[in-house]
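Undergrad: Under our numbering, the first residue of the sequence shown carries the number 1162, and numbering increases by one thereafter.
I am attaching a structure below and will ask some questions about it afterwards.
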Amino acid sequence: KEEISTIGHYLDNFLRMLKKYKKDGDLNYFFNDDLKGKQMIPFLEQMVEQISMQVNDDRASIQKMQTQIKHVGEIISIQQKYADFKGEDELFQVESILLDVIQMIQPAVEKRGIMLDVDLESEILPIKTDKNKLVQVLLNLFKNSIESIDQEIVRMPQKKFKIRIAAGIAEGKNVRLYIDDNGVGIDKKDLKNVFKFGFTTKNRSSGFGLHDCANFIRANNGTISITSTGPGEGAQVMIIIPTGSNDEPLS
C-alpha cells in the first residue's frame, strides 16, 4: 500500500508538469531537452513494473488466503463429522480415518516443513471399534511426533524432518498401524515408562495422552509399542488391532 501511495504521489507531480508544459506549448522541449522530462519515460516504465509486481504479490496473497480458508473449512467439516458420533463401536475402514486425521494435522506439518510419507496397503480388512476415540488416539500420536520434531528443530534446525504413516495387514486377522518420526527420540531408560499414567519428559505435559492411547488399544484386544534407538534418533509407534466381522455393513 505504501508503494502504491508513493507511485501515486509521483504520478500527480508528473501530471502537474505535463499540464504546465502543455499550457505553455513546450511539451516537445520538456521530453527532449528538459532533464526531468528525458527521465520521465524510464521512470514511468519502472512505475509500471513496480505496480505489476505489487498486483502479482497481492494476487498471490489472496490465492494463498483462499486456499487456507478452504483448508480450514475442510478441517472443521471433518471435525464436525466425528463430533456427531455417540461413542459406539462400528465397522469401518481404517484408511478412511487415517486420511481424515492426516488432513487435520496438515497445517501443523506444513508450517514446520515436515514431509509426510503415507503408505496405505490396499484391501485392508475393516475394524470394529469406537471410530471417534480411534481418531483421538491417532491425533494424540501425531501430536507427539510433531512435538518431538519441535524439540529436535531447536537442536538441529537444518535437519530434514519426516513423519511416516503406514497401515497394512498383520499376522492373523489384524490391522497394523505405524507412525514413525525422526524427532528428538526417547532415551532407552524411559521406553518402559512411556505408557504409565502421569509419565512425561516434556515441560508442559500431563503425561495422560499416551496412557489413554494405550488403554483404548488394549481395551480393543490390541497392542501398542514405542521403540527408539535413543535421543536424536526419532521414535516409532506400532499398533496392532483386530479386524471386525465382515458380515456387518461398513459405516
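Cβ atoms here follow ideal geometry from the backbone N, Cα and C, with glycine treated the same way.
Here the structure is a predicted model, which means the values were calculated and not measured.
Quick one: is Glu-1313 buried, meaning 16 or more other Cβ sit within 10 Å of its Cβ, or exposed?
TA: Result: buried.
Undergrad: Please list, in chain order, all residues of the same chain as Cys-1374 whose beta carbon is under 6 Å from its beta carbon, the five residues on each side excluded.
TA: Val-1298, Asn-1301, listed in sequence order.
Undergrad: Beta-carbon separation of Asn-1343 and Lys-1357 under 9 Å?
TA: Result no, Cβ atoms of Asn-1343 and Lys-1357 do not sit closer than 9 Å.
Undergrad: Would you list the residues sitting across from Gly-1329 in a DSSP beta bridge?
TA: Answer is Arg-1337.
Undergrad: Evaluate Glu-1249 with the Cβ neighbour count: other Cβ atoms within 10 Å of its Cβ, from every protein chain shown; 16 or more gives buried, anything less gives exposed.
TA: That one is exposed.
Undergrad: If you drop the 5 nearest sequence neighbours on each side, which residues of the same chain put their C-beta closer than 7 Å to that of Ser-1309?
TA: Excluding positions up to five away in sequence, the list reads Asp-1342, Gly-1344, Val-1345, Ala-1396.
Undergrad: Grab me the residues of Pro-1287's own chain with a C-beta within less than 8 Å of its C-beta, minus the 5 sequence neighbours each way, in chain order.
TA: So the qualifying residues of the chain are Leu-1252, Phe-1253, Gln-1254, Val-1255, Thr-1404, Gly-1405, Asn-1407, Leu-1411.
Undergrad: So for Glu-1409, helix, strand or coil by DSSP?
TA: Low local confidence applies: a pLDDT of 47 at Glu-1409 is under 50, so the model's placement there is unreliable, with the coordinate-based value given in what follows. Looking at Glu-1409 - three-state DSSP - the assignment turns out to be coil, as it is neither helix nor strand.
Undergrad: For Asp-1261, is the classification buried or exposed, using 16 other Cβ atoms within 10 angstroms of its Cβ as the cut-off for buried?
TA: Label assigned to Asp-1261: buried.
Undergrad: Would you say Ile-1285 and Val-1336 are within 9 Å of each other, going by their C-beta atoms?
TA: Result yes, Cβ atoms of Ile-1285 and Val-1336 sit closer than 9 Å.
Undergrad: Among all the DSSP beta bridges, which residues are the ones paired with Val-1279?
TA: Ile-1326.
Undergrad: Using 9 Å as the threshold, is the C-beta distance between Lys-1323 and Gly-1391 below it?
TA: Not closer than 9 Å, so no.
Undergrad: Assuming Ser-1309 is part of the alpha helix (DSSP H), what are its boundary residues?
TA: Its alpha helix (DSSP H) spans residues 1292 to 1316.
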